[in-house]
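Trainee:
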Amino acid sequence: MLRTLLLLPLLALAACDPPAGPAERAGQSLDRAAQSLRDTVDPPSGPAERAGRALDRATQ
0 MLRTLLLLPL
10 LALAACDPPA
20 GPAERAGQSL
30 DRAAQSLRDT
40 VDPPSGPAER
50 AGRALDRATQ
């Protein structure tokens, strides 16, 4: 029982993602720029597609 109580905080910390480094942030910035360029060239055709793209951006 005591061992379980001691391991739970360690497991919670191990499940966290490390902060993004500079290369990952730069890649995310390029991804966002490419997506906005795509939206400019080929805008979403309807409300469902717009909502889907907004959901994609929110979950990335």
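With numbering that gives the first Met the number 0 as the guide, the letters of the sequence shown map in order to residues 0 to 59.
Ideal Cβ positions, reconstructed from N, Cα and C, are used throughout, including at glycine.
At 4 residues or longer, what runs of the alpha helix (DSSP H) sit wholly inside the segment 17-45?
Mentor: If we require 4 residues or more, the alpha helix (DSSP H) runs fully inside the segment 17-45 come out as 21-40.
Trainee: Quick one, are the C-beta atoms of Arg56 and Arg31 less than 9 angstroms apart?
Mentor: Yes, these two residues count as a Cβ contact at 9 angstroms.
Trainee: Which whole-angstrom value is the C-beta distance of Arg52 and Pro43, which I expect to be below 8 angstroms?
Mentor: 6 angstroms
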